[in-house]
Amino acid sequence: MATKSEQLRAVLEHLGTIGGIKASAVISSDGLPILPLMPEGVDPNTFAAMLASMVGSAETAIKALGAKNTLDRVVAESKDIRVIAVEAGV
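Per the working numbering, the sequence shown starts with residue 338, numbered consecutively.
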């Protein structure tokens, strides 16, 4: 039976087969890369830290506006790239 880490890696590798997905990762809320699948030249430590900062800032912003629920997702888009951060687990 596959471990959870192996199962997560399989899911992330499958995402990489879907057209247009360049990277996927499991990142801790502290900004540490747990299971990064990044393209060459992308530092997983820097990427994880930036993403955690982005999610933390968005969480603070929605709470300041009176959100009753937790953040569902954070999306950052340019004309050619989209980064989507989704909280997983509890």
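C-beta atoms are modelled at their ideal positions from N, C-alpha and C, and glycine is treated no differently.
Given the structure is predicted, the values throughout are model-derived calculations rather than measurements.
Go through its chain and collect everything with a Cβ distance to V464's Cβ below 7 angstroms, but skip five positions before and after it. Because the chain spans 338 through 427 in this model, residue 464 falls outside it and cannot be assessed.
CA nearest to the CA of A385, picked from V420, M338, A339, T340: For the purposes of this step, residue 385 is identified with residue 48 of the sequence shown, where counting begins at 1. Comparing C-alpha distances from A385 to each of V420, M338, A339, T340 shows the shortest one belongs to V420.
Taking only the alpha-carbon atoms, compute the straight-line gap between L349 and E343 and give it to the nearest angstrom. Within the sequence shown, the letter at position 12 stands for residue 349. Within the sequence shown, the letter at position 6 stands for residue 343. The C-alpha of L349 lies about 10 angstroms from the C-alpha of E343.
Please go through the same chain and pick out, in chain order, the residues whose beta-carbon is closer than 6 angstroms to the beta-carbon of M338, but skip the five residues on each side of it. The sequence position of residue 338 within the sequence shown is 1, counting from 1. Around M338, the same chain offers no residue with a beta carbon nearer than 6 angstroms, after the five sequence neighbours per side are excluded.
Alpha carbon to alpha carbon, how far is R346 from T340? Give it in angstroms, no decimals. For this step, residue 340 is matched to residue 3 along the sequence shown. For this step, residue 346 is matched to residue 9 along the sequence shown. So the two alpha carbons sit approximately 10 angstroms from each other.
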